[in-house]
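Chemist:
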Amino acid sequence: MSLKTIQRTAGYAGLAASALSVRRATSARARSSAQDHLCQRLGRLHGLPQKVGQMLSFTSNPEKLDAAEAFAPLQESAEPLPWPTIARILAAAWGRPVLEVLAEVDTKGHAASLGQVHQARLLDGTEVAIKVQYPGIRQAVQTDLKALGWLSLPLGNLRRGFDLEAYRLVIGSCLATELDYQQEAAQQDAMGRDWEADEAVIVPRVVQELSDETVLVTQWESGDHWTEVPAAWSPGERRRLANTLLRFFLQGLFHHGRMQADWHPGNFRFRRNGGNPQVVVYDFGCLVRPEPRQRLLLARLIRATVQQDESPWPLMRELGFQENWLQPLAGKLPAVCRLLLEPFCTRRPYDLHDWKLAERMEAVLADDRWNFRFAGPPGLVFVLRAFHGVIHYLQGTGEPIDWHAAVQETLAPLQSQIENLAVTAGEPVVACTSVATWLRVRVVREGRTQVQLSQPAMGIERLEELLDDELKQRILLAGIDLQKSVEAVRSRGYAPGPVFELVDEEKEVRVWLE
C-alpha cells in the first residue's frame, strides 16, 4: 500500500469521527461546530468525500436547512492548487507553453471535487473555462470507493440492509466517466445537441483541440450563482425559472434519455435574457441515461398514481425495487406513491412548502420505513438525486408552479408507448383505490345541509383552513383533536373512511374520505 493511500485511508478515520460527532451532538452549538469540522475534512480530501459534502450542501427538506448551510462552502470554495502546478499540467497536455495558447488567464482557480477551473482568453479572443484534473485523483477515488462504507456515518446508517456493492458499482461507473474528460466532452456535445433548439438551456461548446483525458476546455458562459437568484430576481422571473428547471428535468428524463445528475449549485448559473430565464449547465461527467423501458416504467408509475387506475406494485418491481423488502408494505404503496408524487397529482400550482414529505412519509410507513429505504434500486440513485435537486431549486424560487400540467405536456407524445407497455402483474396486486380520491365535509343544521364541501383527498393536510373559527371552536370543545385526526388518516395510508364526526345541539358535522 502506497504512502498516499495510507494517508488517505487515515483521513477516513478522522472523517468518520467528525461525522459521528455531527450525529451525536445534543445542542445546536455543538452540532454547528461538528458540522464545520466535518466540512473542513470533506473539503481537504477532495474526490468522493468532497462530492458527498456537495450533496450535503443542499437539501429538499426545509427542516434541515441549517445542515445544508453548514456544508455550503463545499459547493465551490475548497482550496485550489497553485497556478504553477496547473500551468505545468497544461503545457504537458498541449505540448507547448501556456503562453502560446492563452492571451490571459485568471490564475486563482475555482476548486471542485475532482479538479479545478480557470477562466481564460485564447489568443483568438475566445473566452474559455479550463478544467484541469487533480494529479493523483484517480488513485484517490479508488481508495474512496473501497471505503464507501464510511458514507453510513454522515448520511445515516447506509450500510444496514443496503446492497452496498451495487451502489458502489453505480457510483463508480459515474465517477469513471467524470475522471475521463474525453468522455465528459462527448457527453457535453450530446447534451448540447439535445438542447440546441431551446434558448432556455445553455450548454457550453467544447474546444476539442485543447481537451484530452485530464484537461477540458469549453466556451465561457457566465450567469448568476444560485444564491443570488432569490433576492435579485422578480417573482415573475423566478416563476418562469422554476418552470424552465422542471422542464429541463422532465424533458431530459423522458425525451432525451439524458439528464444532469449532479445538481449542486456549482454546476449551474442563471441569467435573464430580456426577462426570459436561461439555465447555464456545467459539468457533464455524471449524467443519468436511463434505459427506454425504465423511462416508460417511471412514466407509467406517475400516470398510475395520478389517475389511481393501476397498482404500483408491478411497476416498482420492474423498476428494480427489491421484492423481499417491499412486500411487507405492499398495502401502503399506493399512499407512498401518492405522497412521493403529490406535486404531479395536484391540478394547480403546487407550493412545495406544503408538502411536509418527511413527516407524512414517516406517519404512513411507520415501522416499515427501513424496508422502503432498503428496497430502493441502485439503478435509480442518480434519478432520485436529480429529483431531489430540482425540488431544492423550485422550493428556493418561492414560486408555486403547475407540476401536473408540466408532466402531462411532457408525457403526451409518449401516451401510446406508456399504455402499451407490457407489465407482468405478479403478486401481491394492490389496488390504487386503497387511496381516497376526495375529501368531503358536510355540515347539517336542523335537518338541512348547510355546507357541503369537496376537495382532492390530500386537502386533508389543510383541513383547518377549510373550517371557520366558530366550527373549529365547537370541535375543540367536543374534545376532537384535528391534528391527531389528520395523523390517523396518514397512518392508514389515506384510505377511504371517516375522519371525524361531531354532533351537538345545533349542528352535525361529518368529515370523511372517499
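Numbering-wise (the UniProt record's numbering), the sequence shown opens with residue 1 and increments by one.
Note that the Cβ used here is the ideal one computed from N, Cα and C, for glycine as well.
Less than 7 angstroms between C-beta atoms, sequence neighbours within five positions excluded: which residues of the same chain meet that for aspartate 189?
Modeler: What you label residue 189 is simply residue 189 of the sequence shown in a count that begins at 1. For aspartate 189, where only same-chain residues beyond five positions count, the Cβ hits under 7 angstroms are Val206.
Chemist: Could you tell me which residues DSSP pairs with lysine 356 in its beta bridges?
Modeler: Counted from its first residue, the sequence shown places residue 356 at position 356. Lysine 356 pairs with nothing; no bridge assigned.
Chemist: Per DSSP, which one or two residues make a beta bridge with residue 543?
Modeler: Given a span of 1 to 514 for the chain in the structure shown, any question on residue 543 remains unanswerable.
Chemist: Helix or strand or just coil, what does DSSP make of histidine 256?
Modeler: Here the question's residue 256 lines up with position 256 in the sequence shown. Looking at histidine 256 - three-state DSSP - the assignment turns out to be helix.
Chemist: Pairs of beta-carbons, one from the segment 369 to 384 and one from the segment 199 to 214, closer than 8 angstroms: are there three or more?
Modeler: No, the segment 369 to 384 is not in contact with the segment 199 to 214.
Chemist: Out of Arg239, Trp220, Gly257, Leu298, point me to the one whose CA is closest to phenylalanine 268's CA.
Modeler: The count along the sequence shown starts at 1 and reaches residue 268 at position 268. Considering only alpha carbons, the answer is Trp220.
Chemist: Whose C-beta lies closer than 6 angstroms to the C-beta of glutamine 182 among residues of the same chain, with five residues either side of it excluded?
Modeler: Locating residue 182 in the sequence shown gives position 182, counting from the first residue. Correct list, in chain order: Glu213.
Chemist: Under a three-way DSSP split, which group does proline 343 fall into?
Modeler: Here residue 343 refers to the residue found at position 343 when the sequence shown is read from its first residue. Proline 343 falls in the helix class under three-state DSSP.
Chemist: How many Å lie between glutamine 50 and methionine 458 at the Cα?
Modeler: What you label residue 50 is simply residue 50 of the sequence shown in a count that begins at 1. What you label residue 458 is simply residue 458 of the sequence shown in a count that begins at 1. Caution is warranted here: a pLDDT of 48 is assigned to glutamine 50, below 50, making its placement in the model unreliable, and the coordinate value is therefore given only provisionally. So the two alpha carbons sit approximately 39 angstroms from each other.
Chemist: Restricting to Cα atoms, I'd like to know which of Pro230, Trp263, Trp233, Ala231 is closest to leucine 246.
Modeler: For the purposes of this step, residue 246 is identified with residue 246 of the sequence shown, where counting begins at 1. Checking every option, the nearest Cα to that of leucine 246 belongs to Trp263.
Chemist: Just curious, the beta strand (DSSP E) that serine 454 is in, first and last residue?
Modeler: Mapped onto the sequence shown, residue 454 falls at position 454. 448 to 456 is the extent of the beta strand (DSSP E) around serine 454.
Chemist: Can you tell which of Leu340, Thr424, Asp354, Pro312 has the C-alpha that lies nearest to the C-alpha of leucine 384?
Modeler: In the sequence shown, residue 384 corresponds to position 384, counting from 1. Here the closest residue by C-alpha is Leu340.
Chemist: So, under 8 angstroms CB-CB, leucine 315 and leucine 301 are touching, yes? Tell me the CB distance rounded to an integer number of Å.
Modeler: To locate residue 315, count along the sequence shown from 1; it is residue 315. To locate residue 301, count along the sequence shown from 1; it is residue 301. Their Cβ separation, rounded to whole angstroms, is 5 angstroms, which keeps leucine 315 and leucine 301 in contact under 8 angstroms.
Chemist: If you follow the beta strand (DSSP E) that proline 498 is part of, which residue opens it and which one closes it?
Modeler: Locating residue 498 in the sequence shown gives position 498, where the first residue counts as 1. Its beta strand (DSSP E) spans residues 497 to 503.
Chemist: As a quick exercise: from Leu352, Phe387, Ala185, pick the residue whose alpha carbon is nearest that of phenylalanine 284.
Modeler: Mapped onto the sequence shown, residue 284 falls at position 284. With distances taken between Cα atoms, phenylalanine 284 lies closest to Ala185.
Chemist: For leucine 476, does the count of other Cβ atoms within 10 angstroms reach 16, so buried, or fall short, so exposed?
Modeler: Residue mapping note: residue 476 aligns to position 476 of the sequence shown, counting from 1. So leucine 476 ends up on the exposed side.
Chemist: Which residue's Cα is closest to the Cα of valine 407: Pro378, Val306, Leu421, Ala366?
Modeler: Taking the sequence shown and counting its residues from 1, one reaches residue 407 at position 407. If we check each option's Cα against that of valine 407, Val306 comes out closest.
Chemist: First and last residue of the beta strand (DSSP E) that includes arginine 445?
Modeler: Along the sequence shown, one-based indexing puts residue 445 at 445. Where arginine 445 is concerned, the enclosing beta strand (DSSP E) stretches over 438 to 445.
Chemist: By a C-beta neighbour count over all protein chains shown, 10 Å radius and 16 as the cutoff for buried, is alanine 422 buried or exposed?
Modeler: Along the sequence shown, one-based indexing puts residue 422 at 422. Exposed, since its Cβ has fewer than 16 Cβ neighbours within 10 Å.
Chemist: What separation, rounded to the nearest whole angstrom, lies between the Cα atoms of alanine 92 and isoleucine 86?
Modeler: One-based indexing of the sequence shown puts residue 92 at position 92. One-based indexing of the sequence shown puts residue 86 at position 86. Each residue's alpha carbon lies about 10 angstroms from the other.
Chemist: Does DSSP put lysine 108 in a helix, in a strand, or in coil?
Modeler: To locate residue 108, count along the sequence shown from 1; it is residue 108. Here lysine 108 sits in coil by DSSP.
Chemist: Exposed or buried, what is serine 2 when buried is set at 16 or more other beta-carbons lying within 10 Å of its beta-carbon?
Modeler: Within the sequence shown, numbered from 1, the residue matching residue 2 stands at position 2. In this prediction, serine 2 scores a pLDDT of 47, lower than 50, which makes its location untrustworthy; no coordinate-derived value is stated.
Chemist: Quick check: the Cα distance between aspartate 351 and arginine 295, rounded to an integer number of angstroms?
Modeler: As a first step, residue 351 must be located in the sequence shown, where it is residue number 351. As a first step, residue 295 must be located in the sequence shown, where it is residue number 295. Taking the straight line from one Cα to the other gives about 26 angstroms.
Chemist: Look at leucine 319 and proline 377 and say whether their C-beta atoms are less than 9 angstroms apart.
Modeler: Start at 1 with the first residue of the sequence shown, and residue 319 comes out as number 319. Start at 1 with the first residue of the sequence shown, and residue 377 comes out as number 377. Closer than 9 angstroms, so yes.
Chemist: What are the boundary residues of the beta strand (DSSP E) that tryptophan 512 is part of?
Modeler: Taking the sequence shown and counting its residues from 1, the one referred to as residue 512 is at position 512. That run of the beta strand (DSSP E) goes 507 to 513.
Chemist: Considering only the alpha carbon of each residue, which of Ala232, Asp309, Thr346, Ala488 lies closest to glycine 275?
Modeler: Numbered from 1 along the sequence shown, position 275 holds the residue referred to as residue 275. Selected option, being the one with the closest Cα: Ala232.
Chemist: What would DSSP say about valine 101, mapped onto helix, strand or coil?
Modeler: Here residue 101 is taken as the residue at index 101 of the sequence shown, counted from 1. DSSP places valine 101 in coil when its eight states are reduced to three.
Chemist: What does DSSP give as the partner residue(s) for threonine 218 in the beta ladder?
Modeler: Taking the first residue of the sequence shown as 1, we reach residue 218 at position 218. Paired residues: Ala129, Val206.
Chemist: Please report the Cβ distance between alanine 363 and threonine 218, rounded to the nearest whole angstrom; I am assuming they are in contact, meaning their Cβ atoms lie under 8 angstroms.
Modeler: Taking the sequence shown and counting its residues from 1, one reaches residue 363 at position 363. Taking the sequence shown and counting its residues from 1, one reaches residue 218 at position 218. Incorrect: roughly 47 angstroms between the Cβ atoms, too far for contact.
Chemist: Going by alpha carbons, who is nearest to glutamine 139 out of Ala358, Leu114, Ala436?
Modeler: On the sequence shown, residue 139 is found 139 positions in, with the first residue counted as 1. With distances taken between Cα atoms, glutamine 139 lies closest to Leu114.
Chemist: Using 9 angstroms as the threshold, is the C-beta distance between serine 311 and proline 334 below it?
Modeler: Here residue 311 refers to the residue found at position 311 when the sequence shown is read from its first residue. Here residue 334 refers to the residue found at position 334 when the sequence shown is read from its first residue. Cβ atoms of serine 311 and proline 334: closer than 9 angstroms.
Chemist: Quick check: the Cα distance between isoleucine 401 and glutamate 461, rounded to an integer number of angstroms?
Modeler: Here residue 401 is taken as the residue at index 401 of the sequence shown, counted from 1. Here residue 461 is taken as the residue at index 461 of the sequence shown, counted from 1. C-alpha separation (whole angstroms): 19 angstroms.
Chemist: So, helix, strand or coil for tyrosine 181, using DSSP?
Modeler: One-based indexing of the sequence shown puts residue 181 at position 181. Helix.
Chemist: Which of the three DSSP states is assigned to aspartate 224 in this structure?
Modeler: To locate residue 224, count along the sequence shown from 1; it is residue 224. DSSP places aspartate 224 in strand when its eight states are reduced to three.
Chemist: Just verifying my parser: in three-state terms, what is the DSSP assignment at arginine 300?
Modeler: The residue you call residue 300 lines up with position 300 of the sequence shown. If DSSP states are grouped into helix, strand and coil, arginine 300 belongs with the helices.
Chemist: Please name the residue in Val281, Arg289, Ala375 whose C-alpha comes closest to that of tryptophan 325.
Modeler: Locating residue 325 in the sequence shown gives position 325, counting from the first residue. Residue Ala375 is the option with its Cα nearest to tryptophan 325.
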